[in-house]
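Undergrad:
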Amino acid sequence: QKEVEQNSGPLSVPEGAIASLNCTYSDRVSQSFFWYRQYSGKSPELIMSIYSNGDKEDGRFTAQLNKASQYVSLLIRDSQPSDSATYLCAVNPGNKLTFGTGTQLKVEL
Amino acid sequence: EPEVTQTPSHQVTQMGQEVILRCVPISNHLYFYWYRQILGQKVEFLVSFYNNEISEKSEIFDDQFSVERPDGSNFTLKIRSTKLEDSAMYFCASSDTTGNTEAFFGQGTRLTVV
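Sequence order for the protein chains is B and C.
Each residue of the first sequence is one higher than the last, beginning at 375 in this note's numbering.
Each residue of the second sequence is one higher than the last, beginning at 97 in this note's numbering.
Structure (structure tokens):
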């Protein structure tokens with residue numbers, strides 16, 4: 375059973391649109407949830423963290439957490455071509471991160 | 097802005113040879129990690145390190161692997177006898193006091209075993 379699941383994509387959105395990325399996790403003891411952005415050949419870059427149920431906004435990014443449904447999402451408003459990357463969902467069930475396979479986002483001009 | 101630095105950026109080694117990958121974590125961080133990513137696959141946890149000892153390790157982190165903090169700034173991953181399947185990107189990461197907060201990644205070392 376996969377621990378963190380994401381749709382691999384690619385998810386294509388036009389420039390200026392909202393991109394919606396989703397993630398589910400299986401380990402109920404997880405208390406911390408993160409979204410990383412990874413450009414091809416580069417390292418994961420932390421863009422959002424969320425620890426409690428509800429929404430957390432930072433600039434164009436909004437993370438949403440629903441622990442009862444074991445669901446985390448990331449919304450990117452006003453998507454830009456520079457947002458084209460793979461977005462990794464990560465959960466922290468202890469002293470480590472467990473990653474999903476990532477969703478590839480393509481923002482088209 | 098503080099960052100995690102890794103050296104070398106790319107290492108090519110022959111099968112059976114030992115390699116040491118080096119990392120300098122963010123200076124006030126106390127939790128250190130190694131992850132790897134095989135090409136086209138997900139990022140996988142290898143080991144976490146706190147207070148000069150391993151706090152958790154994965155099944156991947158077998159007897160061929162070891163970690164060390166030889167001084168106050170460096171954190172190393174040693175692979176004793178490399179195998180072809182060890183070819184991957186290896187990422188070092190660090191986080192601050194609790195270990196349950198945000199982890200920041202270095203730029204990675206691409207290890208190629210031939």
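We treat Cβ as the ideally placed atom computed from N, Cα and C, and that holds for glycine.
All figures in this text were calculated on a predicted structure; none of them were measured in a lab.
Examine chain B for any beta-carbon lying closer than 7 Å to the beta-carbon of GLU97(C), and answer yes or no.
TA: On the second sequence, residue 97(C) is found 1 positions in, with the first residue counted as 1. Taking Cβ atoms only, chain B never reaches closer than 7 Å to GLU97(C), which makes this a no.
Undergrad: With DSSP as the reference, label GLU181(C) as helix, strand or coil.
TA: Position 85 of the second sequence, counting from 1, holds the residue named residue 181(C). Residue state, collapsed to three classes: helix.
Undergrad: Could you tell me how far apart the beta carbons of PHE412(B) and THR477(B) are, in whole angstroms, since I believe they sit closer than 8 Å?
TA: As a position in the first sequence, residue 412(B) is number 38, starting the count at 1. As a position in the first sequence, residue 477(B) is number 103, starting the count at 1. Note that residue 412(B) is Gln in the sequence shown, not Phe. Incorrect: roughly 11 Å between the Cβ atoms, too far for contact.
Undergrad: Taking only beta-carbon positions, decide if ASN469(B) is within less than 7 Å of chain C.
TA: In the first sequence, counting from the first residue as 1, residue 469(B) sits at position 95. Yes, ASN469(B) counts as interfacial toward chain C.
Undergrad: From which residue to which residue does the beta strand (DSSP E) around GLN137(C) run?
TA: Counted from its first residue, the second sequence places residue 137(C) at position 41. Taken as a continuous stretch (DSSP letters only), GLN137(C) belongs to no beta strand (DSSP E), as it is neither H nor E.
Undergrad: From the DSSP output, read off the bridge partner residues of VAL481(B).
TA: Taking the first sequence and counting its residues from 1, one reaches residue 481(B) at position 107. For VAL481(B), which the question treats as bridged, DSSP gives the partners VAL387(B).
Undergrad: Whole-angstrom Cβ separation of LYS153(C) and SER162(C), contact assumed at under 8 Å?
TA: Here residue 153(C) refers to the residue found at position 57 when the second sequence is read from its first residue. Here residue 162(C) refers to the residue found at position 66 when the second sequence is read from its first residue. LYS153(C) to SER162(C), Cβ: 10 Å. No contact.
Undergrad: Using a C-beta to C-beta distance shorter than 7 Å, which residues of chain B count as neighbours of GLN107(C)?
TA: Here residue 107(C) refers to the residue found at position 11 of the second sequence. Chain B residues near GLN107(C): none, gap ~16 Å exceeds 7 Å.
Undergrad: Is there a Cβ of chain C sitting closer than 7 Å to that of THR475(B), yes or no?
TA: Residue mapping note: residue 475(B) aligns to position 101 of the first sequence, counting from 1. It does; some Cβ of chain C falls within 7 Å.
Undergrad: For a quick check, are the C-beta atoms of GLN133(C) and GLN203(C) less than 7 Å apart?
TA: Taking the first residue of the second sequence as 1, we reach residue 133(C) at position 37. Taking the first residue of the second sequence as 1, we reach residue 203(C) at position 107. No; because the gap between Cβ atoms is not below 7 Å, this pair is not in contact.
Undergrad: Against chain B, does VAL139(C) count as a neighbour if the rule is that its beta carbon must be under 7 Å from one of theirs?
TA: Position 43 of the second sequence holds residue 139(C). With 7 Å as the cut-off, VAL139(C) counts as an interface residue toward chain B.
Undergrad: Taking Cβ-Cβ distances below 8 Å as the criterion, which residues of the stretch 413-436 of chain B are in contact with chain C?
TA: So the close ones are LYS416, SER417, PRO418, GLU419, LEU420, SER423.
Undergrad: Going along the chain, which residues of its own chain have a beta-carbon closer than 6 Å to the beta-carbon of PRO418(B), five neighbours each way excluded?
TA: Here the question's residue 418(B) lines up with position 44 in the first sequence. Within the same chain, PRO418(B) has close Cβ partners TYR410, GLN412, LEU462.
Undergrad: How many angstroms separate the CA atom of PHE171(C) from the CA atom of VAL209(C)?
TA: Here residue 171(C) refers to the residue found at position 75 of the second sequence. Here residue 209(C) refers to the residue found at position 113 of the second sequence. Taking the straight line joining both Cα atoms gives about 22 Å.
Undergrad: Check whether the Cβ of GLY136(C) lies closer than 7 Å to any Cβ atom in chain B.
TA: Sequence index remark: in the second sequence, residue 136(C) carries index 40 (1-based). Output row for GLY136(C): interface = no.
Undergrad: Give a yes or no on whether 7 Å exceeds the smallest Cβ distance from GLY168(C) to chain B.
TA: Stepping through the second sequence from its first residue, residue 168(C) is reached at position 72. No, GLY168(C) does not count as interfacial toward chain B.
Undergrad: Less than 7 Å separating the beta-carbons of LEU439(B) and ILE424(B)?
TA: Translated into the one-based positions of the first sequence, residue 439(B) becomes position 65. Translated into the one-based positions of the first sequence, residue 424(B) becomes position 50. Their beta carbons are under 7 Å apart, which means LEU439(B) touches ILE424(B) by this criterion.
Undergrad: For ASN147(C), write down the residues that DSSP places opposite it in a beta bridge.
TA: Against the second sequence, residue 147(C) aligns to sequence position 51. Bridge partners of ASN147(C): none, in fact.
Undergrad: Taking Cβ-Cβ distances below 7 Å as the criterion, which residues of the stretch 144-162 of chain C are in contact with chain B?
TA: Correct list: SER144, SER151, GLU152.
Undergrad: Tell me the DSSP secondary structure of ASP457(B) in three-state form.
TA: For the purposes of this step, residue 457(B) is taken as residue 83 along the first sequence, with counting starting at 1. The answer is helix: DSSP assigns ASP457(B) an H, G or I state.
Undergrad: What does the alpha-carbon distance come out to for the pair SER151(C) and VAL115(C)?
TA: Counting from 1 along the second sequence, the entry for residue 151(C) is found at position 55. Counting from 1 along the second sequence, the entry for residue 115(C) is found at position 19. Distance between the alpha carbons of SER151(C) and VAL115(C): 23 Å.
Undergrad: Closer than 8 Å, Cβ to any Cβ of chain B: which residues of the stretch 117-130 of chain C, in chain order?
TA: Correct list: TYR127, TYR129.
Undergrad: Measuring only the C-alpha atoms, how far is SER105(C) from ALA189(C)?
TA: Translated into positions along the second sequence, residue 105(C) becomes position 9. Translated into positions along the second sequence, residue 189(C) becomes position 93. C-alpha separation (whole angstroms): 15 Å.
Undergrad: Can you tell me which residues form a DSSP beta bridge with ASP167(C)?
TA: In the second sequence, counting from the first residue as 1, residue 167(C) sits at position 71. In the DSSP output, where bridge partners are listed per residue, ASP167(C) has none listed.
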